[in-house]
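Going line by line, the protein sequences match chains A and B. Residue 156 in the UniProt record's numbering sits at position 156 of the first sequence; the count goes up by one each step and never skips. Residue 19 in the UniProt record's numbering sits at position 19 of the second sequence; the count goes up by one each step and never skips.
2 protein chains.
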Amino acid sequence: MIDENGILFILSGPSGVGKGTVRKELFNRANDLAYSISMTTREKRPGEAEGADYFYKTNEEFEKLIEAGQLLEYARFVNNYYGTPRKYVEDTLQDGKDVFLEIEVQGAMQVKENFPEGVFIFLFPPSLEELKNRIIERGTESQELVLKRLKEAQNEIDMMDAYDYVVVNDDVDAAVTKIQSIIQSEHCKRERIAKQYKQLLKEE
Amino acid sequence: MIDENGILFILSGPSGVGKGTVRKELFNRANDLAYSISMTTREKRPGEAEGADYFYKTNEEFEKLIEAGQLLEYARFVNNYYGTPRKYVEDTLQDGKDVFLEIEVQGAMQVKENFPEGVFIFLFPPSLEELKNRIIERGTESQELVLKRLKEAQNEIDMMDAYDYVVVNDDVDAAVTKIQSIIQSEHCKRERIAKQYKQLLKEE
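Structure representation (structure tokens):
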């Protein structure tokens, strides 16, 4: 009835908060959501497919895309670039499909800069104690390193102000339900749809 | 965990759009929502109770409350005042409970003026044809009157811009689910809760 564009949703939050688990459960439930496919300069591994696992580029191609503003965010790990291609996101949104991007806080801040119309969701730890436990469980060895990562996480939490929503991850199912509510309610936002609805009544 | 205030939700929309039906179904599903109780100068009828059906006031009392800015909205029908008392709404919100108010467009505009922090949801007819049918079904007799009410409804739709959300009422169940999503996601809005969450981490 309404020819509506998709919305880009960005899920982020401090290391150890459980972003990956929440994203997996969300995709188990939602089948009308496109996962943002990353671009990389690392080599394609056996079993991987272009446009499914990654978009594969040479170093030179990737750097040209950076210069042309064609990446919503990017970073370099172990001599390879990884990033979020603007074109894939924009094409998918124009097809009327929402895109979901799960990403570290630093990357989310880049996306915010390059795509401010996205909806930014901050996943929040149930408590500092719990976050510490999760960081320890992930196998960071020394106490010094745990404290360093915890300090980083606290700094990341201070970046919460750039986000539209905060969802506490005290329970994965509850957190995913909240994210689904956010997705549905964003599609009801008056500024997104009022114009088209008014048009609809005039056309009749 | 978080000591959060309730939120005032206002459901409105043109005559005949089905606000009452949607509100009833919402209250069938939700048990953690307070329905806004109106104040009136009309006499208490047998079986009605103060503070359950209405808050009953004399004409003089009501007019004093109007002057004191103690009504979020009010109107006069058949020589009686009807209105939404600010105090009941604010007390309920402070108890951490959401308040839900279903109201005509004119009343909603008054609430917007007096309580801009409310969340305003506009219920939208699936089509002009459907709205016309519903107006006819309600028993407005002459074609002239139907056209007049339809014209009014179109004017009311132009007030949509004052609202935060637009929900199309093509299906009552779907509309209620969307409203529930809006309620849940509004509680995840960063500007409502970020301060308290940050505090939480510092206290530990």
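Quick reminder that beta carbons are idealized off the backbone N, C-alpha and C, glycines included.
Quick one: using the 10 Å Cβ neighbour count with 16 as the cut-off for buried, is residue i buried or exposed?
i, result
"lysine 96 (chain B)", "Before going further, note that residue 96 (chain B) is glycine rather than lysine in the sequence given. So glycine 96 (chain B) counts as exposed."
"alanine 174 (chain B)", "exposed"
"glutamate 137 (chain A)", "exposed"
"leucine 26 (chain A)", "buried"
"alanine 52 (chain B)", "exposed"
Rounded to whole angstroms, what's the CA-CA distance from residue i to residue j? Just pull it up for me.
i, j, result
"leucine 11 (chain A)", "threonine 177 (chain B)", "23 Å"
"methionine 39 (chain B)", "isoleucine 179 (chain B)", "25 Å"
"glycine 13 (chain B)", "alanine 162 (chain A)", "33 Å"
"alanine 49 (chain B)", "aspartate 164 (chain A)", "42 Å"
"proline 46 (chain B)", "lysine 24 (chain B)", "23 Å"
"histidine 187 (chain B)", "glutamate 67 (chain A)", "40 Å"
"threonine 84 (chain B)", "arginine 192 (chain A)", "30 Å"
"phenylalanine 77 (chain A)", "alanine 30 (chain A)", "31 Å"
"phenylalanine 19 (chain B)", "valine 105 (chain B)", "Looking at the sequence itself, residue 19 (chain B) is lysine, so the reference to phenylalanine does not match. Rounded to the nearest angstrom, the two C-alpha atoms are 11 Å apart."
"isoleucine 103 (chain B)", "leucine 131 (chain B)", "17 Å"
"glutamate 113 (chain B)", "leucine 147 (chain A)", "50 Å"
"threonine 21 (chain A)", "asparagine 133 (chain A)", "16 Å"
"glutamate 204 (chain B)", "isoleucine 183 (chain B)", "A caution first: glutamate 204 (chain B) carries a pLDDT of 49, below 50, which makes its placement in the model unreliable, though a value can still be read off. Their backbone Cα atoms lie some 30 Å apart in a straight line."
"alanine 75 (chain B)", "glutamate 61 (chain B)", "15 Å"
"glutamate 4 (chain A)", "proline 116 (chain A)", "18 Å"
"glutamate 63 (chain A)", "alanine 194 (chain B)", "37 Å"
"asparagine 28 (chain B)", "tyrosine 88 (chain B)", "22 Å"
"leucine 145 (chain B)", "glutamate 90 (chain A)", "48 Å"
"lysine 151 (chain B)", "asparagine 79 (chain B)", "26 Å"
"glutamine 143 (chain B)", "asparagine 155 (chain B)", "18 Å"
"glutamate 129 (chain B)", "glutamate 129 (chain A)", "58 Å"
Assuming residue i and residue j form a contact by the criterion Cβ under 8 Å, report the distance between their Cβ atoms to the nearest whole angstrom.
i, j, result
"glycine 6 (chain A)", "leucine 101 (chain A)", "The pair is not a contact, with the Cβ atoms about 12 Å apart (cut-off 8 Å)."
"valine 99 (chain B)", "serine 36 (chain B)", "5 Å"
"methionine 109 (chain B)", "methionine 160 (chain B)", "That belief does not hold up - the Cβ atoms of methionine 109 (chain B) and methionine 160 (chain B) are roughly 11 Å apart, past 8 Å."
"valine 111 (chain B)", "leucine 72 (chain B)", "5 Å"
"glycine 118 (chain B)", "leucine 8 (chain B)", "4 Å"
"isoleucine 157 (chain A)", "lysine 57 (chain B)", "49 Å between Cβ atoms; not a contact."
"serine 181 (chain A)", "serine 181 (chain B)", "4 Å"
In chain order, what residues of the same chain lie with their CB nearer than 8 Å to the CB of residue i, ignoring the 5 residues before and after it?
i, result
"arginine 149 (chain B)", "Ser15, Gly16, Ile135 and Thr140"
"asparagine 59 (chain B)", "Thr41 and Tyr81"
"alanine 34 (chain A)", "Gly6, Thr92, Lys97, Asp98, Val99 and Phe100"
"aspartate 32 (chain B)", "Lys97 and Asp98"
With a CB to CB cut of under 6 Å and the five nearest residues on each side skipped, what residues in its chain are close to residue i?
i, result
"residue 227 (chain B)", "There is simply no residue 227 (chain B) to check, as chain B begins at 1 and stops at 204 in what is shown."
"tyrosine 54 (chain A)", "Ser38 and Thr40"
"lysine 44 (chain B)", "Tyr56"
Excluding the five sequence neighbours on either side, which residues of its own chain have a C-beta within less than 7 Å of the C-beta of residue i, listed in chain order?
i, result
"arginine 190 (chain B)", "none"
"asparagine 153 (chain A)", "A small correction: the amino acid at residue 153 (chain A) is alanine; asparagine does not occupy that position in the sequence shown. Around alanine 153 (chain A): Pro14, Ser15, Gly16 and Leu131."
Tell me whether residue i counts as near the ligand MG, meaning its Cβ is closer than 6 Å to at least one heavy atom of that ligand.
i, result
"glycine 51 (chain A)", "Ligands in the displayed structure: none, and consequently the ligand MG is not present."
Exercise. Per the contact definition of three or more C-beta pairs closer than 8 Å, is the segment 164-178 of chain A in contact with the segment 111-129 of chain A?
Worked result: Using a Cβ-Cβ distance cut-off of 8 Å, the segment 111-129 of chain A and the segment 164-178 of chain A are in contact, since at least three pairs of beta carbons, one from each stretch, lie closer than that value.
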